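Inspection log for the structure reproduced underneath, given as structure tokens.
Residue numbers (the working numbering), protein chains in the order written: chain A, 1 to 161; chain B, 162 to 322.
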């Protein structure tokens, strides 16, 4: 058994993840956000979620301070948003496809949008695990889920019977 | 906007997640384990992962006490294991498809197996967020990733160009 970085990376390349976009409003009033492949449900009662981020992320200073985030669950129609929110931070909110939602949060159209209050930030080395409680939300168009695997976006396919 | 349980559940039904099986050895020496759809990478350097569980889970008393877990990243060939490790806890280790790995951990064949040391357990209401550091691992056969969506197992499909 080899405890090396290549093995860790290759193991996670073989894994798949759902795709979300998490946004917030900075203390200076600017919209910030990023694409996450770590969003997970923690509990339904009360409705809790977790997501992970690096302390070096451009959005971290805002997530470290803010009370609220908007969590966008993405479908296949939202793949351009997923790509944009993972690229140059200066270009993420230049379009007119978002509007101001509850608590001033920037909200994009998505198959699901959850408004959440941050309950806990756990620092771990140069990263943080964020726990948030869902307090509001809307459903958009029903879409096939967006899935990330092998550094590419795709979707879900049922297994053959 | 409706902050209700149905909306939260419907939003996550529209989401997809990778599938893993997490195992450990209880203080009494028994193998324990469960299927998780919350496993996420936290960092590559050092190699860290997170997963979530309910404090009511049959495996929690072991995860609360043990130092090490085996994290199995599942592919489509492992779907029967995913189903079994999500069903009756008394039947999960009755087969002969597992063996003892590092630290006495029960290890199943899977497309990726990571041996990890638990670094942190964050209680949140009736749940826990677990942070673990990967210290060892093996790769199995290359497989298409197992994906969970709409209460069913499936896999990844690329988007059409």
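From the three backbone atoms N, C-alpha and C, an ideal C-beta is built for every residue, glycine too.
Here the structure is a predicted model, which is why all the values come from computation and not from measurement.
Would you say residue i reaches chain A, if we count a Cβ-Cβ gap shorter than 8 Å as a contact?
i, result
"residue 195 (chain B)", "no"
"residue 213 (chain B)", "yes"
"residue 186 (chain B)", "no"
"residue 229 (chain B)", "no"
"residue 219 (chain B)", "no"
"residue 312 (chain B)", "no"
"residue 266 (chain B)", "no"
"residue 317 (chain B)", "yes"
"residue 308 (chain B)", "yes"
"residue 162 (chain B)", "The pLDDT assigned to residue 162 (chain B) is 43, lower than 50, so where the model puts this residue is not dependable, and the model offers no usable value."
"residue 270 (chain B)", "no"
"residue 182 (chain B)", "no"
"residue 322 (chain B)", "no"
"residue 304 (chain B)", "yes"
Between residue i and residue j, how many whole angstroms is the CB-CB distance? I'm expecting something under 8 Å.
i, j, result
"residue 70 (chain A)", "residue 106 (chain A)", "7 Å"
"residue 130 (chain A)", "residue 63 (chain A)", "6 Å"
"residue 279 (chain B)", "residue 296 (chain B)", "So it is not a contact: roughly 11 Å between Cβ atoms."
"residue 39 (chain A)", "residue 172 (chain B)", "In fact, because the Cβ distance is near 11 Å, the residues do not count as touching under 8 Å."
"residue 153 (chain B)", "residue 240 (chain B)", "Since the first residue shown for chain B is 162 and the last is 322, residue 153 (chain B) is missing from the structure and cannot be characterised."
"residue 321 (chain B)", "residue 152 (chain A)", "With 8 Å as the limit, residue 321 (chain B) and residue 152 (chain A) do not qualify as a contact, their Cβ atoms being about 12 Å apart."
"residue 271 (chain B)", "residue 8 (chain A)", "Rounded, the Cβ-Cβ distance is 15 Å, inconsistent with contact."
"residue 16 (chain A)", "residue 34 (chain A)", "So it is not a contact: roughly 19 Å between Cβ atoms."
"residue 189 (chain B)", "residue 226 (chain B)", "Not confirmed; about 11 Å, so no contact."
"residue 298 (chain B)", "residue 14 (chain A)", "Not a contact, Cβ separation roughly 11 Å."
Closer than 8 Å, CB to CB, is residue i near chain B or not?
i, result
"residue 8 (chain A)", "yes"
"residue 61 (chain A)", "no"
"residue 17 (chain A)", "yes"
"residue 12 (chain A)", "yes"
"residue 31 (chain A)", "no"
"residue 64 (chain A)", "no"
"residue 28 (chain A)", "no"
"residue 5 (chain A)", "yes"
Could you please give me the residues that DSSP links to residue i through a beta bridge?
i, result
"residue 181 (chain B)", "B:197, B:234"
"residue 122 (chain A)", "A:129"
"residue 53 (chain A)", "A:128"
"residue 156 (chain A)", "B:317"
"residue 145 (chain A)", "A:75"
"residue 229 (chain B)", "B:278"
"residue 25 (chain A)", "A:31"
"residue 297 (chain B)", "B:276"
"residue 41 (chain A)", "A:49"
"residue 267 (chain B)", "B:261"
Residues of the segment 115-139 of chain A with Cβ closer than 8 Å to any Cβ of chain B, in chain order: Within the segment 115-139 of chain A, the residues whose Cβ lies closer than 8 Å to some Cβ of chain B are 115, 119, 120, 122, 124, 125, 126, 127, 129, 131, 134, 135, 136, 137, 138, 139, listed in chain order.
Using a Cβ-Cβ cutoff of 9 Å, what residues of the segment 233-260 of chain B are near chain A? List them in chain order. Cβ contacts with chain A: 234, 235, 236, 237, 240.
The segment 85-98 of chain A / the segment 249-260 of chain B touching (three or more Cβ pairs under 8 Å): With the rule of 3 Cβ pairs closer than 8 Å, the segment 85-98 of chain A does not count as touching the segment 249-260 of chain B.
Would the segment 145-159 of chain A and the segment 305-319 of chain B be scored as touching if the rule is three or more Cβ pairs under 8 Å? Yes: at least three Cβ pairs fall under 8 Å.
Pair every Cβ in the segment 13-20 of chain A with every Cβ in the segment 29-45 of chain A, then say whether three or more of these pairs are closer than 8 Å. Because the criterion of three Cβ pairs below 8 Å is met, the segment 13-20 of chain A and the segment 29-45 of chain A touch.
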